[in-house]
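Undergrad: Residue numbers (UniProt numbering): 1 to 187.
Here a beta-carbon is modelled for each residue, glycine too, at the ideal position from N, C-alpha and C.
1) For the beta strand (DSSP E) that residue 109 lies in, which residues bound it at each end?
2) What residue does the beta strand (DSSP E) around residue 136 start on, and which one ends it?
3) Please determine, among 182, 77, 15, 51, the residue with the shortest C-alpha to C-alpha distance to residue 83.
4) If you run the structure through DSSP and keep just helix, strand and coil, what is residue 69?
5) Take every Cβ of the region 99-112, pair it with every Cβ of the region 23-41, and state whether three or more of those distances are shorter than 8 Å.
6) Can you check which of these residues, 60, 90, 88, 94, is closest to residue 73 by C-alpha distance?
7) Does the beta-carbon of residue 161 have 16 or more other beta-carbons within 10 angstroms, so that it is buried, or is it exposed?
8) Count the CB pairs spanning the region 125-135 and the region 94-105 that are closer than 8 Å, and state whether there are at least three.
9) Please identify the residue among 151, 46, 12 whose C-alpha is closest to the C-alpha of residue 206.
10) Nearest chain C C-beta to residue 173 closer than 7 Å, yes or no?
11) Taking the Cβ atom as the reference point for each residue, do residue 40 and residue 67 lie within a distance shorter than 7 Å?
12) Assign residue 145 to buried or exposed, taking buried as 16 or more other Cβ atoms, counted over all protein chains shown, within 10 Å of its Cβ.
13) Considering only C-alpha positions, which residue in the set 150, 156, 12, 158 is nearest to residue 171?
14) Over the uninterrupted beta strand (DSSP E) stretch that includes residue 83, give me the two end residues.
15) Look at the alpha carbon of residue 179 and the alpha carbon of residue 186, and state the distance between them as a whole number of angstroms.
16) Give the DSSP bridge partners of residue 99, in chain order.
17) Could you give the distance in angstroms between the alpha-carbon of residue 44 and the alpha-carbon of residue 13?
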């Protein structure tokens with residue numbers, strides 16, 4: 001009787017199963033960190049957009065030589081803001097309305113941003129407001145913001161908070177009130 005040596009090549013089912021089990025454990029351990037990273041990224045993106053939009057509102061007031069206002073609002077399903085110019089005294093803007101139709105009357109909508117609650121990022125203002133409600137106004141010729149120390153909080157429902165502030169001369173800054181955003185100065 002002769003023996004034949006068989007040279008088997010390839011991967012067996014046991015090796016595949018062990019590899020998949022190890023990958024599953026690694027993915028399970030990494031998932032919370034990945035979700036936190038995505039939440040922080042969403043906060044960073046929303047805060048960057050708010051910073052840009054505040055600068056846009058100020059420049060619109062300067063270019064058009066007319067008061068430009070950023071009004072903030074929310075509903076159960078979203079937080080939002082609308083940038084608009086006042087071409088007269090009669091009008092109203094509601095950021096919870098469909099973008100493009102947020103303003104009526106003599107108010108001209110420049111931009112409306114809506115952050116859906118299901119996406120996990122909300123924008124709230126931190127100022128005390130008079131009867132006009134949460135809004136930031138730029139009026140020519142000086143373009144100083146009213147209120148002069150505007151502050152808004154961009155917050156994730158998971159992890160991450162950024163405060164966007166504008167001082168009396170219109171300088172915009174960002175900080176983290178709870179230290180949850182690596183690489184960003186604390187407030």
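TA: On the basis of the data shown:
1) 103-116
2) 135-138
3) 51
4) Here residue 69 sits in strand by DSSP.
5) no
6) 94
7) buried
8) no
9) Past the boundaries of the shown model lies residue 206; the chain is included only from 1 to 187, so the question cannot be answered.
10) The chain labelled as chain C is not found in the depicted structure, where only one protein chain is given.
11) no
12) buried
13) When each option's Cα is compared against that of residue 171, the closest is 150.
14) 78-93
15) 6 Å
16) Looking at the DSSP assignment, residue 99 forms no beta bridge with any residue, so it has no partner.
17) 45 Å
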